[in-house]
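K.L.:
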C-alpha cells in the first residue's frame, strides 16, 4: 500500500508538459478542476476524460502510475459512492429494504461522484509528476505575489508546500523500512480487527515521528548554515518567463473550461 502512494513524486522528462511554465500548469489545473465541477452529464465527463488522456499522452507519464496513485484513496471513493447511492432520493425506487432504497438518481450521482474524484486525483497527480517541487514553489510564489501587499507570507507558504511535497516520498520510504524491520521482529500489521490493527501501528508511529523530527531539525540547521532568512531580498537562479506555448495552452484551457460550462448550462 505504501508503494502505491505517488503524491510528490516527479518523473523527469523533456516533453511539452514538462517544458510548460509552472504557473501555466497551475492555472491549467485550476481550469481543469473548474471544468470538472461544471460537468453534469456523461458527455461532459467524457470530454474531461478525453482531455486528461491527451495530457497524459503528451506528458508520456505511464497510465499505470496514475492508476496506482488511486489505490490509497480507493476506500474514500467507495465510501463516497455508497453514500450517494443510498442517500440520493428520486421519484420511483428501484430497490428498497427497510430504510435503505436505491433510486436511478442515486446510481447516476454515485457514478458521477466516482468519475469526478477519479479524474480530479489523476489530473492533480499529473501536475506533480511533470513539475519538480522547486518549480512548483517558484510558480506558486509568483502567482501569489500580489498577496504580499496585504502582508501574507507568500514565500514561506510556498516553501512549506515545497518541503512537504519533497519529503512525502522520503517519509513513505522510511515508513516502509520501519515496517519491514518490525515485521522481521514478529510484528503483525494485517491480522485482527480494526482496533487491534490500530494498536499494532503504535510501534511503527513512534520511530517514524522520531525520524521525521530528526530530519526536520537537520533541514533547519542546513538552511541556517546557508544563511536562509526567508524570501526578503532573495534572487532566483532560474527566472520564470512565459513562452508562446504557455499562452497557447492557457487559451486552450480557458476555451475548454468555458465549453464544459456552457454544455452543462445547456443540459447537453
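Numbering (the numbering used here), first residue to last: 25 to 292. All residues carry an ideal CB built from backbone N, CA and C; glycine is no exception.
Have a look at 110, 242 and 127 and flag the residue whose alpha-carbon is nearest the alpha-carbon of residue 117.
P.N.:
In the chain shown, residue 117 corresponds to position 93, counting from 1. It is 127.
K.L.:
Secondary structure at residue 125, three-state DSSP: helix, strand or coil?
P.N.:
The sequence position of residue 125 within the chain shown is 101, counting from 1. The answer is strand: DSSP assigns residue 125 an E or B state.
K.L.:
Go to residue 206, then tell me how far its alpha helix (DSSP H) extends in each direction, as first and last residue.
P.N.:
Reading the chain shown from its first residue, position 182 is the one you call residue 206. First-last of the alpha helix (DSSP H) with residue 206: 178-208.
K.L.:
CA-CA distance, residue 208 and residue 241?
P.N.:
Residue numbering aside, residue 208 sits at position 184 when the chain shown is read from its first letter. Residue numbering aside, residue 241 sits at position 217 when the chain shown is read from its first letter. Going from the Cα of residue 208 to the Cα of residue 241 covers about 29 Å.
K.L.:
I need the straight-line Cα distance from residue 286 to residue 159, nearest angstrom please.
P.N.:
On the chain shown, position 262 is the one that residue 286 refers to. On the chain shown, position 135 is the one that residue 159 refers to. The C-alpha of residue 159 is placed about 33 Å away from the C-alpha of residue 286.
K.L.:
Tell me, please, which residues DSSP counts as bridged to residue 120.
P.N.:
If you number the chain shown from 1, residue 120 lands on position 96. According to DSSP, residue 120 bridges with 125.
K.L.:
In the DSSP assignment, find the unbroken alpha helix (DSSP H) run with residue 45 in it and report its ends.
P.N.:
The residue labelled residue 45 in the question sits at position 21 within the chain shown. Unbroken run through residue 45: none, as it is neither H nor E.
K.L.:
Beta-carbon separation of residue 130 and residue 143 under 9 Å?
P.N.:
Looking up residue 130 in the chain shown gives position 106. Looking up residue 143 in the chain shown gives position 119. Cβ atoms of residue 130 and residue 143: not closer than 9 Å.
K.L.:
Between which two residues does the alpha helix (DSSP H) holding residue 108 run?
P.N.:
Taking the first residue of the chain shown as 1, we reach residue 108 at position 84. Unbroken alpha helix (DSSP H) run through residue 108: 98-111.
K.L.:
At 4 residues or longer, and completely inside the stretch 151-180: list those alpha helix (DSSP H) runs for me, N to C.
P.N.:
The qualifying runs are 157-167.
K.L.:
Quick check on residue 273: does DSSP put it in helix, strand or coil?
P.N.:
Sequence index remark: in the chain shown, residue 273 carries index 249 (1-based). Three-state DSSP puts residue 273 in a helix.
K.L.:
For the alpha helix (DSSP H) containing residue 81, name the first residue and the last one.
P.N.:
For the purposes of this step, residue 81 is identified with residue 57 of the chain shown, where counting begins at 1. Run containing residue 81: 66-83, per the alpha helix (DSSP H) assignment.
K.L.:
Less than 7 Å between C-beta atoms, sequence neighbours within five positions excluded: which residues of the same chain meet that for residue 134?
P.N.:
If you number the chain shown from 1, residue 134 lands on position 110. If we look at residue 134 and ignore the five residues flanking it on each side, its Cβ neighbours are 105, 108 and 109.
K.L.:
Would you call the stretch 176-193 in contact with the stretch 152-168, where contact means no fewer than 3 C-beta pairs closer than 8 Å?
P.N.:
yes
K.L.:
What residue from 123, 274 and 72 has the CA that sits closest to residue 50's CA?
P.N.:
Sequence index remark: in the chain shown, residue 50 carries index 26 (1-based). Nearest of 123, 274 and 72 to residue 50, Cα basis: 274.
K.L.:
Check for me: the alpha helix (DSSP H) holding residue 243 runs from which residue to which?
P.N.:
In the chain shown, residue 243 corresponds to position 219, counting from 1. Here the alpha helix (DSSP H) through residue 243 covers 226-249.
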